[in-house]
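Chain order of the listed sequences is A and B.
Counting in the working numbering, the final residue of the first sequence is number 312, and the numbers go up one at a time with none missing.
Counting in the working numbering, the final residue of the second sequence is number 307, and the numbers go up one at a time with none missing.
Ideal placement from N, C-alpha and C gives every residue a C-beta, glycine not left out.
Written below as structure tokens is the structure these notes are about.
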Amino acid sequence: MGSNRTGWLLLTPTLVILGVFGILPFIYVLWVAFHQWNAFGANPYMIYNGADNFRRLVFDTEFLESIWFTFQFGFFAVVSEIVLGYFLAQFLMRDFPGKAVFRTLHTLPLIVAPIVVGSVWRLMMTPSIGIIPYFLDAWFGYQLNIGSNAGAAFVVTVIMDIWHWTPLVTLTLLAAIVALPKDPFEQAQIDGANRWQIFWHITLPMIRPAILATVFIRLMDALRTVDEIWMLTGGGPGSATRYIGLHIWKVVFPKTDYGYGSAISVIVLYLTLVLCWLLYVGLVAPRNGRRT
Amino acid sequence: MRKSNPLLMTLFWLLLSIATLFPIYWLFVISVKPAVDLFTAPSVILDSFYWNNYAKVLTDDTLRRYMLNSVIISSGNAVLVTVLAFMACYALSRYDLAGKENIFFWTITNRMAPAAVFLLPFFLLFTQVFAIGDFRLYDTRIGMILLYCTFNLPFAIWTLRPTIDAIPRELDEAATVDGASSWQVITEIVFPLARPGLAVTLILTWVFAWNEFLLAATLTSFNARTITTGLSEYVTTTGTEWGTMASIAIITLIPAIVVFAVVQRHIVAGLTFGAVKE
């Protein structure tokens, strides 16, 4: 194996790009988070105010509520997407007529921009003009109103997320399953293992890193969604679907409270980081046979 | 694995595709209706087509320019990111670099940034920091290609790493013993075996770049403006030109479908590990 210098050389471009476009902006946001700064307010200058923004945040019920809604949204959306995506990826490993066509059709939602997805779903879901409430009413007598029913609005945002992002899970897990060696599976079948045993003892451990990577990506994206939800519900009714990405948006733009918005972002980044680190340490690090 | 009936599988996917495609079909329905018809009682079947929205969109030079920008930025970013991530993953997988697991974890943290707050530092970077003479990164394609690395590179590194890790080191070692250079090992051994993972990474990074909205809306004005941003000019919370927006959205599906169709063929099973027999 080559020297470590080659390894660092291969890694350098990544470190440089992420350093410039990742670390520098983060330092800036961290610095602003310790200031009161309302760029369009009566006093447009930055005023150092220590940890005031962070102190305020602990008692901000809007913020805490938003975190809780976001967590529920992320949990239900991501769990459904992983389960569904795994089965669909397994189904795509078999041969059946029209597979290539269906695989392409299945990925189509991915290429619709989030802002368009939000708009179309809004048009489909709005009571009295939308097709979905119309049929739910005609067939089941159920009145779907995402403008007034908080629970319904929540469920619709989760379904929209599942619709939009399950194909991503299918594709990443498909890439992982395709790369699995065949021998362990053949051996297990010879030894008489049933499907559940094969799944639990062979498939799952082998694709665990891929599953975890997918969970991370989906979780982070769900936690910072803005445009889709903004177009579908605008965060309402009330604050039922005002997920944290949207909440920060509303603090920074309509209220122009940039210092406080930065503080929220820093805390959200920190929470996401801790959540992902726990998942990472708990699920992957101890068991991957990687030489470190 | 138990053999399932292939026709049953086709039937399942057929039903799933109907559910998957319905919102896209609805987008199409919106695009061929005059605005006044949108707010009448809905019907699944189209009885007439109103093509004026498409005529309007297709003859618009500005939108054509936005479309070209989108294709260049997404493709440039996807290729750049996939190549860089492939190099980085190979390094993380094969070398004993100090703190590499921490570096690996750190990369993903770059994807977590909530857009609203990070727009300002990005704006400052693009207008003040990268200012050489008259050149600004603001409103340039190269600027967007580089910027999109912040969310795509972590994604690519995390999706590719399991693929590269799964390629047995014995293959590299055998090739090295036979006198292959690092470059040859990477291009001739690892690259072909990682192809399914690389294809998926390329597709998905392309998609993320293609769909990105908030950054492009803030950091471009005309020269590098993307079609997603151009399309949003017809969408506001107070009023939306639904027909125009929907017809642009339908047209933007076409290049994306072409990219998908071309790249997806590389996600193929069965080529990979015939080479290693223990």
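Would you identify the three-state DSSP class for residue i, choosing helix, strand or coil?
{"i": "B/Arg165", "result": "strand"}
{"i": "B/Phe142", "result": "The question names Phe, but residue 142 of chain B in the sequence shown is Ala. Reduced to three states, the DSSP call for B/Ala142 is coil."}
{"i": "B/Gly269", "result": "Going by the sequence as given, residue 269 of chain B is Thr instead of Gly. Residue state, collapsed to three classes: strand."}
{"i": "A/Tyr68", "result": "strand"}
{"i": "B/Gly226", "result": "helix"}
{"i": "B/Ala160", "result": "strand"}
{"i": "A/Gln217", "result": "helix"}
{"i": "B/His295", "result": "coil"}
{"i": "A/Gln56", "result": "strand"}
{"i": "B/Glu307", "result": "In this prediction, B/Glu307 scores a pLDDT of 33, lower than 50, which makes its location untrustworthy; the coordinate-derived value is nonetheless stated afterwards. B/Glu307: coil per DSSP, three-state reduction."}
{"i": "B/Phe133", "result": "helix"}
{"i": "A/Lys119", "result": "helix"}
{"i": "A/Trp159", "result": "helix"}
{"i": "A/Ile131", "result": "helix"}
{"i": "B/Lys85", "result": "helix"}
{"i": "A/Phe107", "result": "helix"}
{"i": "B/Thr111", "result": "helix"}
{"i": "A/Met145", "result": "helix"}
{"i": "B/Tyr177", "result": "coil"}
{"i": "A/Pro45", "result": "helix"}
{"i": "A/Pro33", "result": "helix"}
{"i": "B/Met116", "result": "helix"}
{"i": "A/Val301", "result": "helix"}
{"i": "B/Leu61", "result": "Per the sequence shown, the amino acid found at residue 61 of chain B is Val instead of Leu. DSSP places B/Val61 in coil when its eight states are reduced to three."}
{"i": "A/Val40", "result": "helix"}
{"i": "B/Val100", "result": "helix"}
{"i": "A/Ile151", "result": "helix"}
{"i": "A/Asp277", "result": "coil"}
{"i": "A/Arg114", "result": "coil"}
{"i": "A/Trp28", "result": "helix"}
{"i": "A/His139", "result": "Correcting the residue identity first, residue 139 of chain A is Ser in this sequence and not His. Looking at A/Ser139 - three-state DSSP - the assignment turns out to be helix."}
{"i": "A/Ser100", "result": "helix"}
{"i": "B/Asp66", "result": "helix"}
{"i": "A/Asn73", "result": "helix"}
{"i": "B/Tyr79", "result": "coil"}
For residue i, is the classification buried or exposed, using 16 other Cβ atoms within 10 angstroms of its Cβ as the cut-off for buried?
{"i": "A/Gly258", "result": "exposed"}
{"i": "A/Gln56", "result": "buried"}
{"i": "A/His221", "result": "exposed"}
{"i": "A/Arg123", "result": "buried"}
{"i": "A/Ala158", "result": "exposed"}
{"i": "A/Met113", "result": "exposed"}
{"i": "B/Ser99", "result": "buried"}
{"i": "B/Asn252", "result": "exposed"}
{"i": "B/Ala127", "result": "exposed"}
{"i": "B/Lys129", "result": "buried"}
{"i": "B/Ala160", "result": "exposed"}
{"i": "B/Ser103", "result": "buried"}
{"i": "B/Phe237", "result": "buried"}
{"i": "B/Trp212", "result": "exposed"}
{"i": "B/Thr255", "result": "buried"}
Using a Cβ-Cβ cut-off of 7 Å (strictly less than) and excluding sequence neighbours within five positions of residue i, which residues of its own chain qualify?
{"i": "A/His187", "result": "The identity of residue 187 of chain A in the sequence shown is Pro, whereas the question assumes His. Once the five neighbours on either side are set aside, the close Cβ partners of A/Pro187 are His126, Thr127, Pro129 and Leu130."}
{"i": "A/Asp247", "result": "Pro134, Ile135 and Gly138"}
{"i": "B/Phe242", "result": "Thr257, Thr258 and Ser261"}
{"i": "A/Leu77", "result": "Phe83, Ala283, Ile284 and Ile287"}
{"i": "B/Pro284", "result": "Val100"}
{"i": "A/Tyr162", "result": "Leu156"}
In chain order, what residues of the same chain have a beta carbon less than 8 Å from the beta carbon of residue i, not counting five sequence neighbours either side?
{"i": "B/His295", "result": "Arg224, Pro225, Leu227 and Ala228"}
{"i": "A/Asn69", "result": "Phe54, His55, Gln56 and Gly279"}
{"i": "A/Leu243", "result": "Thr90, Gly94, Tyr263, Ile264, Gly265, Val288 and Thr292"}
{"i": "A/Ala208", "result": "Gln217, Ile218, His221 and Ile222"}
{"i": "B/Ala298", "result": "Unreliable positioning characterises B/Ala298 in this predicted model, as indicated by a pLDDT of 47, which lies under 50. The coordinate reading is nonetheless provided below. Here the set comprises Pro225."}
{"i": "A/Ile67", "result": "His55, Gln56 and Trp57"}
{"i": "B/Arg190", "result": "Cys118, Leu121, Ser122 and Phe133"}
Near residue i, which residues of its chain fall below 6 Å by C-beta distance, leaving aside the five closest residues on each side in sequence?
{"i": "B/Pro63", "result": "Tyr79"}
{"i": "B/Thr136", "result": "Pro183 and Ile186"}
Do residue i and the ligand SAM come close, with the Cβ less than 7 Å from some heavy atom?
{"i": "B/Ile196", "result": "Among the components modelled here there is no ligand, and therefore nothing to report on the ligand SAM."}
Point to revise | Secondary structure, alpha helix (DSSP H): runs of 4+ residues fully inside the region 236-275 of chain A | key: Secondary structure in the region 236-275 of chain A: the alpha helix (DSSP H) runs of 4 residues or longer, each lying completely within the stretch, are 247-252 and 264-272 in chain order.
Exercise for review: Scan the region 42-54 of chain B for residues whose Cβ lies nearer than 9 Å to a Cβ of chain A and list them as they occur along the chain.
Suggested key: So the close ones are Trp42, Leu43, Leu45, Ser46, Ala48, Thr49, Leu50, Phe51, Pro52 and Ile53.
Check your understanding: Considering only residues of the region 196-269 of chain B, which uninterrupted alpha helix (DSSP H) runs meet the minimum length of 4 residues and lie entirely inside it, listed in chain order?
Key -> Correct list: 198-206, 224-240, 243-248 and 256-261.
Point to revise | Contact list for the region 264-286 of chain B against chain E, Cβ threshold 8 Å | key: No chain E is present in this structure, whose protein chains are A and B.
Review point. Closer than 7 Å, Cβ to any Cβ of chain A: which residues of the region 76-91 of chain B, in chain order?
Key: Sequence-ordered contacts of the region 76-91 of chain B with chain A are nonexistent [C-beta pairs closer than 7 Å].
Review point. What residues from the region 146-160 of chain A come within 7 Å of chain B, judged by C-beta to C-beta, listed N to C?
Key: Legend: CB atoms of the region 146-160 of chain A lying less than 7 Å from CB atoms of chain B belong to residues Ile149, Gly150, Ile151 and Tyr154.
Review point. Relative to chain B, which residues along the region 23-34 of chain A have a C-beta separation below 7 Å, given in chain order?
Key: So the close ones are Asn24, Thr26, Gly27, Trp28, Leu30, Leu31, Pro33 and Thr34.
Review point. If you measure beta-carbon to beta-carbon, which residues of the region 246-261 of chain B are closer than 8 Å to chain A?
Key: From the region 246-261 of chain B, only Thr257, Leu260 and Ser261 have a Cβ closer than 8 Å to chain A.
Point to revise | Completely contained alpha helix (DSSP H) runs for the region 165-203 of chain A, where each covers 4 or more residues | key: Runs of the alpha helix (DSSP H) inside the region 165-203 of chain A: 170-198.
**Study point:** Residues in the region 81-115 of chain A having any Cβ partner in chain B nearer than 7 Å
**Key:** For the region 81-115 of chain A, the set of residues with a beta-carbon nearer than 7 Å to any beta-carbon of chain B comprises Phe111, Met113, Arg114 and Asp115, in chain order.
Check your understanding: Taking Cβ-Cβ distances below 7 Å as the criterion, which residues of the region 222-246 of chain A are in contact with chain B?
Key -> Shown in chain order are the members of the region 222-246 of chain A whose Cβ falls below 7 Å from a Cβ of chain B: Pro229, Ala230, Ala233, Phe236, Ile237, Met240, Arg244 and Val246.
Review point. What residues in the region 167-180 of chain A bring their beta carbon closer than 7 Å to a beta carbon of chain B?
Key: Listed by position, the residues of the region 167-180 of chain A near chain B (Cβ gap below 7 Å) amount to none.
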